[in-house]
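Visitor:
Residue numbers (our numbering): 146 to 422.
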């Protein structure tokens, strides 16, 4: 009965910001004070807009919706959702903020390049530290352009300073975590990949087998089988997109930049050349 009540309590609806937890805390903290780390707690999130299959009814009402949700829970058609620990949520927030700041910084630099190119001023290859000096040299003899590009340079400088600060915070978090330090011993794996993996996996014991981690990140191929037709497609991409991106970058670094031999690199090269076994 408690599980049915919990599902009804956390049902999302338009304009609803979530349950109120006395004393504040995180948005998941954790559903009005429930300790989701206990064995008897099982959190199920139900979409009120029809994201799950409801019992077919001619008339729609809250009572009918509640009865349909209860039937789904009773039939075990709604699976519990793993609520990540506060530490993993903080790591995830740090990585997301760093990625967002880097994107804004790249967009600002690309915008500066594009606006100057319209006037025939090409920046060419320039380092991030030397970009402002390069722009100053290009617009030195054109004061009107210098006045127009100055606000963008100031905004870029602010974005760069905040990105460097977030990047240092990310490095400190990776160095302080013993699991991340062990992961960074793998060739091609840096602090970003290690911290992303640590935040995404969270509690390793929730995976029965190590192979389940790859499926959780959407790295297993899709399969469509019906009768005599059996098709195997590309990866499902159903999991964490940030984690897949980090693993893709780590694989490129391992295959391209890493010069030291390792069995992992040899295995990847053999699959690239000869295909998977």
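Heads up, the beta-carbon is just placed ideally off N, CA and C, and yes, glycines get one too.
Owing to the predicted nature of the structure, the values given are computational and were not obtained by experimental measurement.
Between the C-alpha atoms of residue 374 and residue 380, what's the straight-line distance to the nearest angstrom?
Guide: Rounded to the nearest angstrom, the two C-alpha atoms are 19 Å apart.
Visitor: What is the residue span of the alpha helix (DSSP H) that residue 338 lies within?
Guide: Its alpha helix (DSSP H) spans residues 336-346.
Visitor: Three or more C-beta pairs closer than 8 Å, one from the region 251-259 and one from the region 358-374: is that the case here?
Guide: They do not touch, by the three-pair rule.
Visitor: State the Cα-Cα distance for the pair residue 217 and residue 211, rounded to the nearest angstrom.
Guide: Cα-Cα distance, rounded: 10 Å.
Visitor: Rounded to a whole number of angstroms, what is the C-alpha to C-alpha distance between residue 317 and residue 351?
Guide: If you take the alpha carbons of residue 317 and residue 351, they lie about 27 Å apart.
Visitor: Within the same chain, show all residues whose beta-carbon is closer than 8 Å to that of residue 366, passing over the 5 residues directly before and after it, in chain order.
Guide: Result list for residue 366: 377, 378, 379, 380, 381, in chain order.
Visitor: Select from 286, 290, 277 the residue whose C-alpha is nearest the C-alpha of residue 300.
Guide: Checked all of 286, 290, 277; the closest Cα to residue 300 is 277.
Visitor: As a quick exercise: from 344, 231, 259, 333, pick the residue whose alpha carbon is nearest that of residue 396.
Guide: When each option's Cα is compared against that of residue 396, the closest is 333.
Visitor: Tell me whether the region 319-334 and the region 284-302 touch, counting them as touching only if at least three CB pairs, one residue from each stretch, are closer than 8 Å.
Guide: The answer is no - the region 284-302 does not touch the region 319-334, with fewer than three Cβ pairs under 8 Å.
Visitor: Answer yes or no: do residue 338 and residue 289 have a C-beta to C-beta separation smaller than 8 Å?
Guide: No, these two residues do not count as a Cβ contact at 8 Å.
Visitor: Just curious, the beta strand (DSSP E) that residue 368 is in, first and last residue?
Guide: Counting along the chain, the beta strand (DSSP E) containing residue 368 begins and ends at 366-371.
Visitor: Would residue 239 pass as a contact of residue 315 if the rule is Cβ separation under 8 Å?
Guide: Taking 8 Å as the Cβ cut-off, residue 239 and residue 315 qualify as a contacting pair.
Visitor: Using 8 Å as the threshold, is the C-beta distance between residue 293 and residue 266 below it?
Guide: The answer is no: Cβ separation not under 8 Å.
Visitor: Given that a residue counts as buried once 16 or more other Cβ atoms are within 10 Å of its Cβ, and exposed if not, what is residue 344?
Guide: With 16 or more other Cβ atoms within 10 Å, it is buried.
Visitor: If I follow the unbroken alpha helix (DSSP H) through residue 389, where does it start and stop?
Guide: That run of the alpha helix (DSSP H) goes 386-401.
Visitor: If you run the structure through DSSP and keep just helix, strand and coil, what is residue 377?
Guide: Note: residue 377 maps to strand in three-state DSSP.
Visitor: Could you name the residues of the same chain whose beta carbon sits closer than 7 Å to that of residue 229, not counting the 5 residues immediately before and after it, in chain order?
Guide: These residues qualify, in order along the chain: 347.
Visitor: On the criterion of 16 or more Cβ atoms from any shown chain inside 10 Å, does residue 330 qualify as buried, or is it exposed?
Guide: Flag for residue 330 reads exposed.
Visitor: Tell whether a beta-carbon distance below 8 Å holds between residue 340 and residue 236.
Guide: Against a cut-off of 8 Å, the Cβ pair of residue 236 and residue 340 comes out as a contact.
Visitor: Does residue 225 pass the burial test, meaning 16 or more other C-beta atoms within 10 Å, or should it be called exposed?
Guide: Result: exposed.
Visitor: Output needed for residue 363: all residues of its chain with C-beta closer than 7 Å, excluding positions within five of it in sequence on either side, in chain order.
Guide: Excluding positions up to five away in sequence, the list reads 380, 381, 382, 383, 384, 389.
Visitor: Measuring only the C-alpha atoms, how far is residue 205 from residue 221?
Guide: Roughly 23 Å between the two C-alpha positions.
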